[in-house]
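What follows is a set of notes on a single structure, which appears directly below.
In our numbering, the protein residues as written are 56 to 339.
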């Protein structure tokens, strides 16, 4: 009859072999980039959000903050990951939905605006002034309601050249409809590292808090978040086509296999020591 030590060793070998032999395709999501509804269909040909992952934005661009002070983008970078949103403050619908969706998502996070990450919202309308930015700033930081958000969520305005340069750098294509006096534009948010490098795009007007948290942890290069977040980043894969994180079953199985083998190894070691302890000594 085989000892418990032998049986557990065989079980560990079989489980590990099966786990690492298993392969599974990443989870597929049906969501697609949400494009803003334009006033004239022809304008939509010029509207879109082209991912520039890995590119760095020009941090020397200058804007006006919500207090009317001239600021360079680099003032909001350097220490924390940044969420960037391009909207315009008098937008009749879509921009408000983008900001509301972002607000809902960050409210669900334990990570905090100002402490763990920064949000920079830039108006694409060069005619808008800091007074409008200030209204939005007070509204959204007030709704967020946590200390430090007024210094961590910034609403900017600027001239057309600076706005277009930033929009081109992040792949944000928009068009102005002179007939309606409105902008046709895509909807989404972008994540950047503290050095200004684009790392993630999230499309639409709703951003799952789990995905946003993983994106921020990734953009921070491990400076924020917990060890559990690092494990989740191993098991979840960012899909640029959908702008979402999908579960990689193969990695989950591998991680589970490693944890199981480590646990079995601990049990085997305990049993081995116990067997040696209870065996009677033979006299010479």
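Don't be surprised by glycine CBs; every beta carbon is placed ideally from N, CA and C.
Between which two residues does the beta strand (DSSP E) containing residue 102 stretch? Residue 102 -> no beta strand (DSSP E), and no H or E assigned at all.
Quick check on the burial criterion: 16 or more other C-beta atoms within 10 angstroms. Buried or exposed for residue 185? Classification for residue 185: buried.
From the DSSP output, read off the bridge partner residues of residue 135. Residue 135 is not bridged by DSSP to any residue.
Check this for me: beta carbons of residue 195 and residue 210, under 9 Å apart or not? Residue 210 is positioned such that its CB atom lies closer than 9 Å to that of residue 195.
Three-state secondary structure (DSSP) of residue 160: Correct three-state label for residue 160: helix.
Just tell me which of 99, 168, 225 has its CA closest to the CA of residue 271. Of all alpha-carbon atoms in 99, 168, 225, the one lying nearest the alpha-carbon of residue 271 is that of 168.
Helix, strand or coil, according to DSSP, for residue 252 in the structure here? It is a strand residue.
So, under 8 Å CB-CB, residue 119 and residue 125 are touching, yes? Tell me the CB distance rounded to an integer number of Å. That pair is a contact at about 6 Å.
Alpha carbon to alpha carbon, how far is residue 153 from residue 241? Give it in angstroms, no decimals. Residue 241 and residue 153: Cα-Cα distance of roughly 10 Å.
Could you pull out every residue in the same chain whose Cβ sits closer than 6 Å to the Cβ of residue 201, ignoring the five residues on either side in sequence? Apart from sequence neighbours up to five positions away, the residues of its chain that approach residue 201 with a beta-carbon distance below 6 Å are 167, ordered along the chain.
Simplified DSSP assignment, three categories, for residue 195: Reduced to three states, the DSSP call for residue 195 is helix.
Sort 273, 275, 276, 262 by Cα distance to residue 140 and report the nearest one. Residue 140 has its Cα closest to that of 262, out of 273, 275, 276, 262.
Could you have a look at residue 266 and say whether DSSP puts it in helix, strand or coil? Secondary structure at residue 266: helix, using DSSP grouped into helix, strand and coil.
Would you tell me roughly how many angstroms separate the C-alpha atoms of residue 147 and residue 129, rounded to the nearest one? Distance between the alpha carbons of residue 147 and residue 129 is about 30 Å.
Quick one: is residue 101 buried, meaning 16 or more other Cβ sit within 10 Å of its Cβ, or exposed? Residue 101 should be labelled exposed.
Can you tell me the Cα-Cα spacing of residue 228 and residue 257, whole angstroms? Answer to the nearest angstrom: the Cα atoms are 15 Å apart.
Who are residue 211's beta bridge partners in DSSP? Partner(s): 177.
Where the beta strand (DSSP E) through residue 231 begins and ends: Note, residue 231: beta strand (DSSP E), 230-232.
Whole angstroms are fine: how far does the CA of residue 173 sit from the CA of residue 135? CA-to-CA, the gap between residue 135 and residue 173 works out to about 7 Å.
Could you check the C-alpha separation between residue 7 and residue 116 for me, to the nearest Å? The displayed coordinates of the chain run from 56 to 339. Any statement about residue 7 would go beyond what the structure contains.
Among 182, 223, 112, nearest to residue 236 - alpha-carbon criterion: It is 182 whose Cα lies nearest to the Cα of residue 236.
Assuming contact is defined by CB atoms lying nearer than 9 Å, are residue 238 and residue 143 in contact in what I supplied? In this structure, residue 238 sits near residue 143, with a CB-CB distance shorter than 9 Å.
Alpha carbon to alpha carbon, how far is residue 273 from residue 111? Rounded to the nearest angstrom, the two C-alpha atoms are 16 Å apart.
Mind checking whether residue 207 and residue 170 have CB atoms under 9 Å apart? Taking 9 Å as the Cβ cut-off, residue 207 and residue 170 qualify as a contacting pair.
Work out the CA separation of residue 265 and residue 188 for me, nearest whole Å. So the two alpha carbons sit approximately 29 Å from each other.
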